[in-house]
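Chemist: Residue numbering for the sequence shown follows this note's numbering, beginning at 8 and increasing consecutively. Where is the CB? At the ideal position from N, CA and C, for every residue including glycine. Structure incoming, see below.
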Amino acid sequence: MKFGISFATAGPFANPDLFEALVLTAEEVGMESIWAVEHVVLPAGFESKYPYNKDGKFPGGEKAPIPDPLVALSYAAGMTKNLRLATGIMILPQRNPLYVAKEWASLDALSRGRAMMGIGIGWLKEEMEVVGVPFKERAARTEESVQAIRSLWKDEPEAFNGKYYQWGPLHSNPKPVQKPGVPIIVGGNVEGAARRAARVGDGFYPASGSMKTLPGLLDAMRDECAKVGRNPEEIELTVAAGMPDPGKVARYHELGVSRMMITPPAADAEGLKRGLNEFADAVLSKI
Numbered sequence: 008m009k010f011g012i013s014f015a016t017a018g019p020f021a022n023p024d025l026f027e028a029l030v031l032t033a034e035e036v037g038m039e040s041i042w043a044v045e046h047v048v049l050p051a052g053f054e055s056k057y058p059y060n061k062d063g064k065f066p067g068g069e070k071a072p073i074p075d076p077l078v079a080l081s082y083a084a085g086m087t088k089n090l091r092l093a094t095g096i097m098i099l100p101q102r103n104p105l106y107v108a109k110e111w112a113s114l115d116a117l118s119r120g121r122a123m124m125g126i127g128i129g130w131l132k133e134e135m136e137v138v139g140v141p142f143k144e145r146a147a148r149t150e151e152s153v154q155a156i157r158s159l160w161k162d163e164p165e166a167f168n169g170k171y172y173q174w175g176p177l178h179s180n181p182k183p184v185q186k187p188g189v190p191i192i193v194g195g196n197v198e199g200a201a202r203r204a205a206r207v208g209d210g211f212y213p214a215s216g217s218m219k220t221l222p223g224l225l226d227a228m229r230d231e232c233a234k235v236g237r238n239p240e241e242i243e244l245t246v247a248a249g250m251p252d253p254g255k256v257a258r259y260h261e262l263g264v265s266r267m268m269i270t271p272p273a274a275d276a277e278g279l280k281r282g283l284n285e286f287a288d289a290v291l292s293k294i
């Protein structure tokens, strides 16, 4: 089992001193990865409900600082040697795939193959309207973007002709160190995301690790794999699971989970270091 840290760049971790403490301690204790989040803007007074809280409230509120994930992960790459660098998630339909392919290939090359591209379709309708993307098109745009990005990571230039994006043969360099490209992990806690992971993902990241919902999501993913002719074991499973103990880790492992996500254990440097070291002693050392 591998362990990542979610929400590694938002809120208090936008502070460079605290972010540095998080990143360096995570590498020191043996965490596998850190995961950045994304919102380019939070429209004042937005009415969309945050889907991962029962009350629908956005963590940290409208003024929460959220650095650009690729910038934050690049900063982390320069401080580390082994820590993997991921988004959980990047809102893919809001971004041009030409830029996305270049940014992720650059991060992967400069980090010597440590990038993981977590993507989602987005939930904040007001934000999507601001950037000019029709909310109802976000799922279709996401899947086409994945295809477009992978075409740009190929060794030889080729044309791409989709509904939303079209171009002739293009050179996009550097290429990712990882072959055939940066792993693309589809995030989301609904059946549509599970089926999308089966169609276009290298991994699947349900935002909740609830044993009430996870088996159904995995069933949907496997059903879609059967429809498209994929082996579901090719899709790496990541779940959010609070602060698990070894028993909980074993139960998720039996379901086929490869990575478990924890949240930062504190919002101050000393508490952070203490909490991650305690987690390492209680869990990492026993796995």
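Between VAL290, ALA276, ARG281, which lies nearest to GLU27 when the distance is taken from Cα to Cα?
Modeler: Counted from its first residue, the sequence shown places residue 27 at position 20. The shortest C-alpha separation from GLU27 is found at ALA276.
Chemist: According to DSSP, is ILE98 helix, strand or coil?
Modeler: Position 91 of the sequence shown, counted from the first residue, corresponds to residue 98. Three-state result, ILE98: strand.
Chemist: Which partner residues of TYR82 appear in the DSSP bridge assignment?
Modeler: For this step, residue 82 is matched to residue 75 along the sequence shown. Partner residues in a beta bridge of TYR82, as assigned by DSSP, do not exist.
Chemist: I'd like to know whether the C-beta atoms of ALA84 and ALA43 end up nearer to each other than 8 Å.
Modeler: Here residue 84 refers to the residue found at position 77 of the sequence shown. Here residue 43 refers to the residue found at position 36 of the sequence shown. Taking 8 Å as the cut-off, the Cβ atoms of ALA84 and ALA43 do not count as close.
Chemist: Counting only the same chain and skipping the five closest in sequence on each side, list residues whose C-beta sits under 8 Å from that of GLU144.
Modeler: What you label residue 144 is simply residue 137 of the sequence shown in a count that begins at 1. Cβ within range, chain order: PRO100, TYR171.
Chemist: Enumerate in chain order the residues of its own chain whose CB-to-CB distance from LEU77 is below 7 Å, with the five nearest sequence positions on each side excluded.
Modeler: Counted from its first residue, the sequence shown places residue 77 at position 70. Excluding residues within five positions, the ones whose Cβ falls inside 7 Å are GLU110, LEU114.
Chemist: What ranges does the beta strand (DSSP E) occupy inside the stretch 8-38, keeping only unbroken runs of at least 3 residues that lie completely in it?
Modeler: Listed in chain order, they are 9-12.
Chemist: Determine the closest residue to SER179 out of LEU25, GLU240, SER158, with distance taken between C-alpha atoms.
Modeler: The residue you call residue 179 lines up with position 172 of the sequence shown. For SER179, the nearest C-alpha among the options comes from SER158.
Chemist: Whose C-beta lies closer than 8 Å to the C-beta of VAL36 among residues of the same chain, with five residues either side of it excluded?
Modeler: Walking along the sequence shown from the start, residue 36 turns up at place 29. Answer for VAL36: LEU283, ASN284, PHE286, ALA287, LEU291, listed in chain order.
Chemist: Note down the Cα distance separating ARG121 from ALA51, rounded to an integer number of angstroms.
Modeler: By 1-based counting over the sequence shown, the position of residue 121 is 114. By 1-based counting over the sequence shown, the position of residue 51 is 44. Their Cα atoms are separated by approximately 36 Å.
Chemist: Rounded to a whole number of angstroms, what is the C-alpha to C-alpha distance between VAL256 and GLY169?
Modeler: Within the sequence shown, residue 256 is the residue found at index 249, counting from 1. Within the sequence shown, residue 169 is the residue found at index 162, counting from 1. So the alpha carbons of these two residues sit roughly 42 Å apart.
Chemist: For SER40, which residues does DSSP report across the bridge?
Modeler: Walking along the sequence shown from the start, residue 40 turns up at place 33. According to DSSP, which records beta bridges pairwise, SER40 is partnered with GLY11, ARG91.
Chemist: Let me make sure I understand the geometry here. Which of PRO176, MET228, GLY139, LEU131 has the alpha-carbon closest to that of PHE65?
Modeler: If you number the sequence shown from 1, residue 65 lands on position 58. Closest in C-alpha terms to PHE65, from the list PRO176, MET228, GLY139, LEU131, comes LEU131.
Chemist: At which residue ranges does the stretch 143-201 contain complete beta strand (DSSP E) runs of 3 or more residues, listed in the order of the chain?
Modeler: 191-194
Chemist: At a cut of 8 Å, does the stretch 224-242 reach the stretch 199-214 through at least three beta carbon pairs?
Modeler: Contact between the stretch 224-242 and the stretch 199-214 is present, because at least three Cβ pairs lie under 8 Å.
Chemist: Any idea what DSSP makes of VAL256, helix, strand or coil?
Modeler: Residue 256 sits at position 249 when you count from the first residue of the sequence shown. Three-state DSSP puts VAL256 in a helix.
Chemist: For PRO183 and ASN60, I'd like the C-alpha separation in whole angstroms.
Modeler: Along the sequence shown, read from residue 1 onward, the residue named residue 183 stands at position 176. Along the sequence shown, read from residue 1 onward, the residue named residue 60 stands at position 53. Their Cα atoms are separated by approximately 35 Å.
Chemist: Between GLY18 and ALA71, which are expected to be in contact by the criterion C-beta below 8 Å, what is the C-beta distance as a whole number of angstroms?
Modeler: For the purposes of this step, residue 18 is identified with residue 11 of the sequence shown, where counting begins at 1. For the purposes of this step, residue 71 is identified with residue 64 of the sequence shown, where counting begins at 1. Yes, GLY18 and ALA71 are in contact; Cβ-Cβ is about 5 Å, under 8 Å.
Chemist: Mind checking which residues open and close the beta strand (DSSP E) that includes PHE211?
Modeler: Against the sequence shown, residue 211 aligns to sequence position 204. Where PHE211 is concerned, the enclosing beta strand (DSSP E) stretches over 210-212.
Chemist: Can you tell me which of ALA214, PRO187, GLN185 puts its alpha carbon nearest to the alpha carbon of GLU198?
Modeler: The residue you call residue 198 lines up with position 191 of the sequence shown. Answer by Cα proximity: ALA214.
Chemist: Quick one: is THR32 buried, meaning 16 or more other Cβ sit within 10 Å of its Cβ, or exposed?
Modeler: Reading the sequence shown from its first residue, position 25 is the one you call residue 32. Buried, because 16 or more other Cβ atoms sit within 10 Å of the Cβ of THR32.
Chemist: To the nearest angstrom, how far is the alpha carbon of HIS260 from that of MET8?
Modeler: In the sequence shown, the residue the question calls residue 260 occupies position 253. In the sequence shown, the residue the question calls residue 8 occupies position 1. Each residue's Cα considered, the two are about 7 Å apart.
Chemist: Quick one: what does DSSP say LEU131 is sitting in, helix, strand or coil?
Modeler: Position 124 of the sequence shown, counted from the start, is the residue given in the question as residue 131. Residue state, collapsed to three classes: coil.
Chemist: Does the distance from the C-beta atom of MET123 to that of VAL189 stay below 8 Å?
Modeler: Here residue 123 corresponds to residue number 116 of the sequence shown, with the count starting at 1. Here residue 189 corresponds to residue number 182 of the sequence shown, with the count starting at 1. In contact: MET123 and VAL189 (Cβ atoms closer than 8 Å).
Chemist: Quick check on DSSP: helix, strand or coil for MET228?
Modeler: Here residue 228 refers to the residue found at position 221 when the sequence shown is read from its first residue. Here MET228 carries a helix assignment [DSSP, helix/strand/coil].
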